[in-house]
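Read the structure below first, then the notes.
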């Protein structure tokens, strides 16, 4: 007995295959942007956590240094390193406990920072516009090293302390980096962290009152 052979090849027809491909394309168009938003949200949350921890380390440093902030220079992160990672006081001057060159995976690295930073040592900066006038605490190569007398910061909840920078140790005006979808993450002097929209004037005027903690954040 002979059976009639079907002209249809087992599996998908061309039309069915094209339909499946079209459906996959539609799903990808939906899923990929959502996945990107989820990833950005996770990075933003980690960045805010990093800044809050930096704020805690700064508070511990301030308590140990008679109300003075870390130096408003490139060494601020060096000073905060032992406080951030609970290095015992007796070993804080040991070479092995100093800030490493590679800060990947530490609280001093924003997970979204990459080529937008000019140095791999940090992706956050410190705002040296607070508590003016600054206090000279040391001198290196004829240049003063200054710090903030925190008692001069009148409204800590409105005073930007640390935040997203372009790799500079400074965080104000032209040094600020709104890398999180147009917002910069900031740790304020009272310890809370938030995502803030910085206006064009804030980003171009280093002496804008926002950087001095004189007006509410927008």
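Residue numbers (the working numbering): 229 to 446.
Ideal Cβ placement from N, Cα and C applies to all residues, glycine included.
Given the structure is predicted, the values throughout are model-derived calculations rather than measurements.
Checklist entry - For residue 376 versus residue 359, is the C-beta distance shorter than 8 Å? => result Taking the first residue of the chain shown as position 1, residue 376 is located at position 148. Taking the first residue of the chain shown as position 1, residue 359 is located at position 131. Between residue 376 and residue 359, the C-beta gap is smaller than 8 Å, which places the two residues in contact.
Checklist entry - Taking the C-alpha atoms as reference points, what is the distance between residue 429 and residue 436? => result Against the chain shown, residue 429 aligns to sequence position 201. Against the chain shown, residue 436 aligns to sequence position 208. Between residue 429 and residue 436, the C-alpha separation is close to 7 Å.
Next on the checklist: If contacts are defined as beta-carbon pairs under 8 Å, then residue 365 and residue 388 qualify, I think. What distance do you get, rounded to the angstrom?
Outcome noted: Here residue 365 is taken as the residue at index 137 of the chain shown, counted from 1. Here residue 388 is taken as the residue at index 160 of the chain shown, counted from 1. That belief does not hold up - the Cβ atoms of residue 365 and residue 388 are roughly 21 Å apart, past 8 Å.
Next on the checklist: Contact between the segment 276-292 and the segment 404-419 is defined here as three or more beta-carbon pairs at a separation below 8 Å; is this criterion met?
Outcome noted: yes
Checklist entry - If you compare alpha carbons, which of 340, 392, 378, 380 is closest to residue 352? => result Locating residue 352 in the chain shown gives position 124, counting from the first residue. Each of 340, 392, 378, 380 was checked against the Cα of residue 352, and the nearest Cα belongs to 392.
Checklist entry - What is the C-beta distance between residue 374 and residue 300, in whole angstroms, given that I count them as a contact (C-beta under 8 Å)? => result On the chain shown, position 146 is the one that residue 374 refers to. On the chain shown, position 72 is the one that residue 300 refers to. Correct: roughly 5 Å between the Cβ atoms.
Checklist entry - In terms of DSSP beta bridges, what is residue 374 paired with? => result Numbered from its first residue, the chain shown carries residue 374 at position 146. Partner(s): 364.
Next on the checklist: Considering only the alpha carbon of each residue, which of 350, 333, 342, 270 lies closest to residue 304?
Outcome noted: In the chain shown, residue 304 corresponds to position 76, counting from 1. Of the candidates 350, 333, 342, 270, the one whose C-alpha sits nearest the C-alpha of residue 304 is 350.
Item to check | Spatial distance of residue 322 from residue 286 (CA atoms) | outcome: Counting from 1 along the chain shown, the entry for residue 322 is found at position 94. Counting from 1 along the chain shown, the entry for residue 286 is found at position 58. Any reading at residue 322 needs caution, since the residue's pLDDT is 45, under 50, leaving its predicted position unreliable; the model's value is listed next. In a straight line, the C-alpha of residue 322 is about 20 Å away from that of residue 286.
Checklist entry - Would DSSP call residue 414 helix, strand or coil? => result Counted from its first residue, the chain shown places residue 414 at position 186. In the structure shown, residue 414 sits in a strand (DSSP, three-state: E or B).
Next on the checklist: Between the alpha carbons of residue 438 and residue 420, how many angstroms are there, rounded?
Outcome noted: Here residue 438 refers to the residue found at position 210 when the chain shown is read from its first residue. Here residue 420 refers to the residue found at position 192 when the chain shown is read from its first residue. In a straight line, the C-alpha of residue 438 is about 16 Å away from that of residue 420.
Checklist entry - When DSSP labels each residue in this structure, what does residue 422 get in the three-state scheme? => result Here residue 422 is taken as the residue at index 194 of the chain shown, counted from 1. Looking at residue 422 - three-state DSSP - the assignment turns out to be strand.
Next on the checklist: Using the Cβ count rule (16 or more neighbours within 10 Å means buried), how would you classify residue 467?
Outcome noted: Examination of residue 467 is not possible in this model, given that the chain is present from 229 through 446 alone.
Next on the checklist: So, at 7 Å on beta carbons, what are the nonlocal neighbours of residue 433 in its own chain, with the 5 sequence-adjacent residues on each side left out?
Outcome noted: Taking the chain shown and counting its residues from 1, the one referred to as residue 433 is at position 205. By the criterion of a C-beta distance shorter than 7 Å, residue 433 is surrounded in its chain by 401, once the five residues flanking it on both sides are discounted.
Checklist entry - Is it true that the CB of residue 311 sits closer than 8 Å to the CB of residue 288? => result Here the question's residue 288 lines up with position 60 in the chain shown. Here the question's residue 311 lines up with position 83 in the chain shown. Their beta carbons are under 8 Å apart, which means residue 288 touches residue 311 by this criterion.
Item to check | Inter-residue spacing [alpha-carbon to alpha-carbon] between residue 257 and residue 423 | outcome: Counting from 1 along the chain shown, the entry for residue 257 is found at position 29. Counting from 1 along the chain shown, the entry for residue 423 is found at position 195. The straight-line gap from Cα to Cα measures roughly 28 Å.
Checklist entry - Name the DSSP beta bridge partners of residue 391, please? => result Working through the chain shown from its first residue, we reach residue 391 at position 163. Answer is 353, 414.
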